[in-house]
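In the working numbering, the protein residues as written are 14 to 546.
Structure first, then comments.
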Amino acid sequence: AGVAPARFDSAAEALHTVFGYDAFRGEQAEIIAQVAGGGDAVVLMPTGGGKSLCYQIPSLLREGTGVVVSPLIALMHDQVDALVRNGVRAAYLNSSQQAFERAEVERAYLAGELDLLYIAPERLNSEASKRFLAKGRIALFAIDEAHCVAQWGHDFRPDYLALSELADLWPDVPRIALTATATEATHREITSRLSLEGARHFVSSFDRPNIQYRIAPKVEVRKQLLDFVRTEGVDAEGTPVAGIVYALSRASTEKLATFLSQNGVNALPYHAGLDAAVRRRTQERFLREDGVVVVATIAFGMGIDKPDVRFVAHVDLPKSVEGYYQETGRAGRDGLPATAWLAYGLQDVVQQRRMIDESPGDLAHRRRLASHLDAMLALCETVECRRQNLLAYFGQPSEACGNCDTCLEPPTALDGTVPAQKLMSTIVRLERERRQRFGAGHLIDILRGKQTPRVTQYGHDTISTWGIGADLSEQQWRGVTRQLLAQGLLATHGEYGTISVTEASADVLAGRRKVMLRAEPERPTTRRTAKAA
Ligand code: ADP
14 AGVAPARFDS AAEALHTVFG YDAFRGEQAE IIAQVAGGGD AVVLMPTGGG KSLCYQIPSL
74 LREGTGVVVS PLIALMHDQV DALVRNGVRA AYLNSSQQAF ERAEVERAYL AGELDLLYIA
134 PERLNSEASK RFLAKGRIAL FAIDEAHCVA QWGHDFRPDY LALSELADLW PDVPRIALTA
194 TATEATHREI TSRLSLEGAR HFVSSFDRPN IQYRIAPKVE VRKQLLDFVR TEGVDAEGTP
254 VAGIVYALSR ASTEKLATFL SQNGVNALPY HAGLDAAVRR RTQERFLRED GVVVVATIAF
314 GMGIDKPDVR FVAHVDLPKS VEGYYQETGR AGRDGLPATA WLAYGLQDVV QQRRMIDESP
374 GDLAHRRRLA SHLDAMLALC ETVECRRQNL LAYFGQPSEA CGNCDTCLEP PTALDGTVPA
434 QKLMSTIVRL ERERRQRFGA GHLIDILRGK QTPRVTQYGH DTISTWGIGA DLSEQQWRGV
494 TRQLLAQGLL ATHGEYGTIS VTEASADVLA GRRKVMLRAE PERPTTRRTA KAA
């Protein structure tokens, strides 16, 4: 078998010649030196930080082929295409290929004609693949999206667990694990599960100072979104800019895209259910045309390298802080001001809790999902700096940033004990006296003293808390309910999102515990005070 020769003597030379860049960014040079010198590395770097070069260049500096484990076929294609255009001998092995195509790639590898070989984890794990790889010379293993090995993480893939074998099978081949989403817990799991205890760790700052974070309570989400896109979706001259709107369901991406289009926004839907050709065209237009807004499920964005996305808006609550960070991270990669805007409401909390209850998997799995949601809710409900909360989640302490909604317009915290008690005692009365549970809408109707058909039918206008909450608007009550849910002082159940008290509610009802709530404007604004990086 042949051995792919080292293509360059120095990392700087490879950077200039192959990639056409002048200088390394951040810790790239140190990481490349570590791996090129035969050492292992764990790299935590935000999206857009430049992780790819950290294994591509060492593969060109060492003898043999760099083997890159990557879970996303589309990303593999893009990377290999870009490398081949730059004169790098790269190829991939995955399930999208015909047998003859794979045979040709295998031949090239064994002949020492490949600098880089991308491979999907499930393929690498097969005995046949391992035997095949062992016949050639491997320069290094790069494990991309390494957080997929963490069972506690938000994107666990069982195929990643078997990658721990690489250390035993190829003890002399350096390994580099990379991820853009790592809490301290995930970082520890990557290290232990991939046997990288002896590796050097490179942890970049996860701060994206040019991104302004804003989280607003959901009132009329379509109108709020349109206001947002009209104010933030244009540059100083009034020309539309590029943005991504994330929604949870395929149907809502289509409805929102239509709604935005009818209101003069150049908006297109994107989700995994659309035809591959349509998706490709949408991606192309997003990359090449100015001012395209893509309304998408989270299927959109991975591997899309568009530096000038000016905003990312979420109209549904993300499931985890990791996901939120990854998605918002697609804004402002060019370092210019960008906005991450999220609208969320009571219904999001109810819906996400229901999805967790109904999710397949064991109790431990549901607990994990619940803890991810709790962290996301804490970020939404904080009265302190959003960025500080976000970075603290990734184990990086920081000062208040001055470029998020809570810094720019500090919310007031108010004593919400009395409304909390009113709501809780309504729930307790219905449960204890009538053995019934209801959703937020009905509870709020009772508190506000509304004579709806349902209230009358159940005779709920006769319970003692009927009408005791007429001092707050329906919107305010929804805010109170949402915040109590987020704080674990209420719980939701089942398909209809019925609400119950929790153990912690007892202290509030007994007056032993105060409840602090964020005061919320009736009509949240979407003003922007931009700040450059
Ligand atoms: P990540 O995988 O961390 O999200 P990429 O490796 O895709 O990031 O890099 C993000 C972008 O930055 C790419 O367009 C890449 O070509 C560019 N880039 C990476 N390193 C450098 C550098 N040293 N100088 C200039 N551009 C760079």
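The C-beta atom is built at its ideal place from N, Cα and C for all residues, glycine as well.
Using the Cβ count rule (16 or more neighbours within 10 Å means buried), how would you classify residue i?
i	result
Met368	exposed
Pro320	exposed
Leu376	exposed
Met529	exposed
Arg75	buried
Gly342	buried
Ser477	exposed
Ser217	buried
Arg38	exposed
Ala435	Reading the sequence as shown, one finds Lys at residue 435 and not Ala. The residue is buried, with at least 16 neighbouring Cβ atoms inside 10 Å.
Ser83	buried
Ser518	buried
Asp185	exposed
Val322	buried
Phe1	No answer is possible for residue 1: the residues shown for the chain start at 14 and end at 546.
Thr352	buried
Asp35	exposed
Pro466	exposed
Ala532	exposed
Thr266	buried
Give the straight-line distance between the Cα atoms of residue i and residue j, rounded to the nearest whole angstrom.
i	j	result
Thr310	Ala260	5 Å
Gln110	Val291	22 Å
Val93	Ser65	11 Å
Ala344	Phe32	23 Å
Phe417	Gln69	A quick correction: the sequence has Cys, not Phe, at residue 417. Using only the alpha carbons, I get a separation of about 36 Å.
Arg120	Ile257	42 Å
Ala543	Leu28	Here the model assigns Ala543 a pLDDT of 41, short of 50, so the residue's position is not dependable, and the following value carries that caveat. When rounded, the distance between both Cα atoms is 34 Å.
Gly462	Pro134	59 Å
Gly524	Leu137	60 Å
Pro253	Asp53	45 Å
Arg541	Arg379	In this predicted model, Arg541 has a pLDDT of only 45, less than 50, meaning its place in the structure is not dependable enough to derive any value.
Gly251	Leu239	15 Å
Val334	Cys67	26 Å
Asn99	Pro71	16 Å
Ile512	Ala453	7 Å
Ala159	Thr192	5 Å
Lys249	Ala190	The question names Lys, but residue 249 in the sequence shown is Ala. C-alpha separation (whole angstroms): 41 Å.
Pro222	Cys414	8 Å
Gly547	Leu207	Because the chain spans 14 through 546 in this model, residue 547 falls outside it and cannot be assessed.
Asn107	Asp220	35 Å
Gly246	Val328	15 Å
Asp370	Gly507	7 Å
Thr30	Gln339	31 Å
Tyr226	Ser139	44 Å
Thr60	Cys161	15 Å
Tyr105	Trp490	55 Å
Provide the residue span of the beta strand (DSSP E) that contains residue i, from first to last.
i	result
Thr511	Thr511 to Val514
Phe215	Arg213 to Val216
Phe451	Phe451 -> no beta strand (DSSP E), and no H or E assigned at all.
Val118	Per DSSP, Val118 belongs to no beta strand (DSSP E); it is in the alpha helix (DSSP H), Ala112 to Leu123.
Tyr105	Ala103 to Leu106
Met529	Met529 to Arg531
Pro282	Ala280 to Tyr283
Leu427	Ala426 to Asp428
Thr505	Leu503 to His506
Along the chain, where does the alpha helix (DSSP H) that runs through residue i open and close?
i	result
Lys225	Looking at the sequence shown, residue 225 is not Lys but Gln. Per DSSP, Gln225 belongs to no alpha helix (DSSP H); it is in the beta strand (DSSP E), Ile224 to Pro230.
Leu421	Asp418 to Leu421
Arg188	Segment Arg188 to Thr192 is the beta strand (DSSP E) holding Arg188; no alpha helix (DSSP H) there.
Val16	Unbroken run through Val16: none, as it is neither H nor E.
Ile476	First-last for Ile476: undefined, no H or E at that position.
Ile257	Unbroken run through Ile257 is the beta strand (DSSP E), Ala255 to Tyr259; no alpha helix (DSSP H).
His2	Nothing about residue 2 can be reported from this structure: the residues present for the chain run from 14 to 546 only.
Check whether chain C comes within 8 Å of residue i, counting only Cβ atoms and requiring the distance to be less than that.
i	result
Arg366	Absent from the structure: chain C. Only one protein chain is present.
Go through the segment 360–410 residue by residue and report every complete run of the alpha helix (DSSP H) that reaches 4 residues or more, in order. Counting whole runs of 4 or more residues, the segment 360–410 contains the alpha helix (DSSP H) stretches 376–394 and 399–406.
When the Cβ atoms of the segment 497–506 are set against those of the segment 350–367, are three or more pairs found closer than 8 Å? By the Cβ test, the segment 497–506 is in contact with the segment 350–367, since at least three Cβ pairs between them sit closer than 8 Å.
Hey, which unbroken runs of the alpha helix (DSSP H) at 4 residues or more fall wholly within the segment 288–372? As far as the segment 288–372 is concerned, its whole alpha helix (DSSP H) runs of at least 4 residues are 289–301, 334–341 and 359–371.
Using 8 Å as the threshold, is the segment 220–234 in touch with the segment 293–306, meaning 3 or more CB pairs across them? Verdict: no, contact absent.
Touch check for the segment 192–205 and the segment 164–171: three-plus C-beta pairs under 8 Å? Yes: the two stretches touch, three or more of their Cβ pairs being nearer than 8 Å.
Cβ contact (3+ pairs, closer than 8 Å) linking the segment 15–27 and the segment 75–92: The segment 15–27 is in contact with the segment 75–92.
Per the contact definition of three or more C-beta pairs closer than 8 Å, is the segment 259–273 in contact with the segment 294–302? No contact exists between the segment 294–302 and the segment 259–273.
Touching by the beta-carbon criterion (3+ pairs, under 8 Å), the segment 442–458 and the segment 422–433: The segment 442–458, when compared against the segment 422–433, does not touch it at the 8 Å Cβ threshold.
Please give me, in chain order, every unbroken run of the beta strand (DSSP E) with length at least 3 that falls completely inside the segment 129–158. Runs found: 129–132 and 151–156.
Which parts of the segment 44–94 are runs of the alpha helix (DSSP H), unbroken and 4 residues or longer, counting only runs that do not cross its ends? The qualifying runs are 65–74.
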